[in-house]
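So in our numbering, spot 70 of the sequence shown is number 73, and the numbers just go up one at a time.
Working notes, structure below.
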Amino acid sequence: MERIYLDNNATTQVAPEVLEEMLPYLQDLYANPSSMYSFAGEVSQKLKEARRRVAALLGAQAEEIVFTSCGSESDSTAIWAAVHSQPEKRHIVTTRVEHPAVKNLCEHLSHRGWRVTFVPVDAKGRLDTDLLYRSLTPDTAIVSVMWANNETGVVFPIADIAREVRARGIVFHTDAVQAVGKVPIDLQSLEVDFLSLSGHKLHAPKGVGVLYIRKGTKFSPFLIGGHQERGRRGGTENVASIIALGKACELAGSHMHDENSRVRKLRDRLEAGLLASIPASAVNGDPEHRLPNTTNIGFESVEGEAILLLMDRHRICASSGSACTSGSLEPSHVLRAMGVPFTSAHGSVRFSLSIYNTDAEIDYVIEKLPPIIERLRSLSPFWKKQAAAHAAG
Ligand SMILES: *Cc1c(COP(=O)(O)O)cnc(C)c1O
Numbered sequence: 004m005e006r007i008y009l010d011n012n013a014t015t016q017v018a019p020e021v022l023e024e025m026l027p028y029l030q031d032l033y034a035n036p037s038s039m040y041s042f043a044g045e046v047s048q049k050l051k052e053a054r055r056r057v058a059a060l061l062g063a064q065a066e067e068i069v070f071t072s073c074g075s076e077s078d079s080t081a082i083w084a085a086v087h088s089q090p091e092k093r094h095i096v097t098t099r100v101e102h103p104a105v106k107n108l109c110e111h112l113s114h115r116g117w118r119v120t121f122v123p124v125d126a127k128g129r130l131d132t133d134l135l136y137r138s139l140t141p142d143t144a145i146v147s148v149m150w151a152n153n154e155t156g157v158v159f160p161i162a163d164i165a166r167e168v169r170a171r172g173i174v175f176h177t178d179a180v181q182a183v184g185k186v187p188i189d190l191q192s193l194e195v196d197f198l199s200l201s202g203h204k205l206h207a208p209k210g211v212g213v214l215y216i217r218k219g220t221k222f223s224p225f226l227i228g229g230h231q232e233r234g235r236r237g238g239t240e241n242v243a244s245i246i247a248l249g250k251a252c253e254l255a256g257s258h259m260h261d262e263n264s265r266v267r268k269l270r271d272r273l274e275a276g277l278l279a280s281i282p283a284s285a286v287n288g289d290p291e292h293r294l295p296n297t298t299n300i301g302f303e304s305v306e307g308e309a310i311l312l313l314m315d316r317h318r319i320c321a322s323s324g325s326a327c328t329s330g331s332l333e334p335s336h337v338l339r340a341m342g343v344p345f346t347s348a349h350g351s352v353r354f355s356l357s358i359y360n361t362d363a364e365i366d367y368v369i370e371k372l373p374p375i376i377e378r379l380r381s382l383s384p385f386w387k388k389q390a391a392a393h394a395a396g
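Here's what the structure looks like:
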């Protein structure tokens, strides 16, 4: 096997159909869609189709779709818009487990005079929604809660949260980067003002995203420039990538069933296989409310980075739950917020699948990983100490 790619929450391969659809717009069809001649008209027609395709996947209207450069830009735009269009409101509510695109912006704002409430999660990564509702005040400018967590796959009850937030007249944003294409989304029946998504998490290329802006939601642009995107985001359109994203959304709609049946089964088999053959291992997250493609498993008393290195020798790609920041291995803020014990947070690995994974690949990982963990544990003083304590009763 060339490579077993189980890191689809980090990025995904561009679908062949998507590449095929975008290529002409990197070659012969290079007109600026804003120009007046019919050469440009061909391009702008195709952009319209992409906008319709994205809207269709989300149950939105085409005019509510704004193309951006990435998920991070969409997140920033939504939060800045809410803050700038309501300068009198100085409070923001979000969660402790957001992606850095939301988390770091909110921390930035908290150093610049905004009060930010970071709502906690429980040991399974479930949000304390009552605490969230109790934290809302007339001073709250925006509530930003991710649809699904990128590290654990835990899915939050966005429909309920959006309803409660908007009932108090507060703007609601959801970072749905990990949810789009994996769970059905129908914005028509949801009280969501802003929703972010990113192309490269659903088999389109890197460098394109979408911000959904509900009709009537107060908005002020983040990127001020030309009249593109109806004045909501300046800059000549990233034509080929937008067309790619349109196609990727269409494909995501038709693959949703496969994602929730075949991919879910592959994920469950991987998870069960590893838990059965590796002692002192456990799932991080809420198995009941989780994306179909993600499992995050903590292996007691080993370093996640070491696991990744040894898996890499077998050409298996996954992510660890710790990030090497300034030389010290800090467990991720998500696992810390869940209170995952230090010894297992350090040995946490995220496997995230896609429709391109096969049964043979899962068998391969179930075969290769247990000896890796055993070998690392044989070198681990933590593990030996624990084993000795266990033997002593
Ligand atoms: C990847 C990701 C982002 C950022 O998207 P980019 O397009 O890489 O900027 C934001 N939120 C979540 C949950 C993500 O997984």
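Where a beta carbon is used, it is the ideal one built from N, C-alpha and C, also for glycine.
Can you list, in chain order, the residues of its chain whose CB lies under 7 Å from that of residue 201, leaving out five sequence neighbours each side? 73, 74, 180, 212
For residue 351 and residue 302, what's the separation of their Cα atoms in angstroms? Taking the straight line from one Cα to the other gives about 6 Å.
Leaving aside the five residues before and after residue 250 along the sequence, list all residues of the same chain whose C-beta is less than 8 Å from its C-beta, in chain order. Result list for residue 250: 18, 20, 21, 24, 25, 53, 56, 207, in chain order.
Exposed or buried, which one is residue 134 when buried takes at least 16 other CB atoms within 10 Å? exposed
For residue 79, is the classification buried or exposed, using 16 other Cβ atoms within 10 angstroms of its Cβ as the cut-off for buried? buried
Separation of residue 217 from residue 197, as counted between CA atoms: 6 Å
The alpha helix (DSSP H) enclosing residue 336, as first and last residue numbers: 336 to 340
Contact set for residue 342: own chain, Cβ-Cβ below 7 Å, skip 5 residues either direction: 126
Beta-bridge partners of residue 214, as assigned by DSSP: Bridge partners of residue 214: 69, 199.
Rounded to the nearest angstrom, how far is the Cβ of residue 379 from that of residue 310, given a contact under 8 Å? 7 Å
In terms of alpha-carbon separation, which member of 61, 123, 58 lies closest to residue 339? Proximity to residue 339 across 61, 123, 58 peaks at 123, based on C-alpha coordinates.
Where does residue 75 sit, in a helix, a strand or coil, going by DSSP? helix
Using CA atoms only, rank isn't needed, just tell me which of 359, 268, 158 is closest to residue 16. 359
Please specify which runs of the alpha helix (DSSP H), each continuous and at least 4 residues long, are wholly inside the region 143 to 167, giving them in chain order. Whole alpha helix (DSSP H) segments, 4+ residues: zero.
Determine the DSSP secondary structure at residue 102, reduced to helix, strand or coil. coil
Please confirm whether any heavy atom of ligand 1 lies closer than 7 Å to the CB of residue 74. yes
Across the region 167 to 176 and the region 42 to 49, are there enough close Cβ pairs to call them in contact, namely three or more that are closer than 8 Å? no
Sequence-distant residues of the same chain with beta carbon closer than 8 Å to residue 363, five excluded per side: Hits under 8 Å: 4.
Buried or exposed for residue 328, please, with buried defined as at least 16 other CB atoms from any protein chain shown within 10 angstroms of its CB. Interpretation of residue 328 is limited by its pLDDT of 47, a score under 50 that renders its predicted location unreliable; the figure taken from the coordinates is listed afterwards. Looking at its Cβ environment, which holds fewer than 16 other Cβ atoms inside 10 Å, residue 328 is exposed.
With a threshold of 7 Å (Cβ to nearest heavy atom), would residue 37 be considered close to ligand 1? It does not: the Cβ of residue 37 is nowhere closer than 7 Å to a heavy atom of ligand 1.
Which same chain residues, not among the five before or five after residue 93, have their C-beta less than 8 Å away from its C-beta? 116, 117, 118, 142, 144
Residue 329 by DSSP, collapsed to three states: which one? Low local confidence applies: a pLDDT of 48 at residue 329 is under 50, so the model's placement there is unreliable, with the coordinate-based value given in what follows. Coil, per DSSP.
At which residue ranges does the region 207 to 291 contain complete beta strand (DSSP E) runs of 3 or more residues, listed in the order of the chain? 212 to 216, 284 to 286
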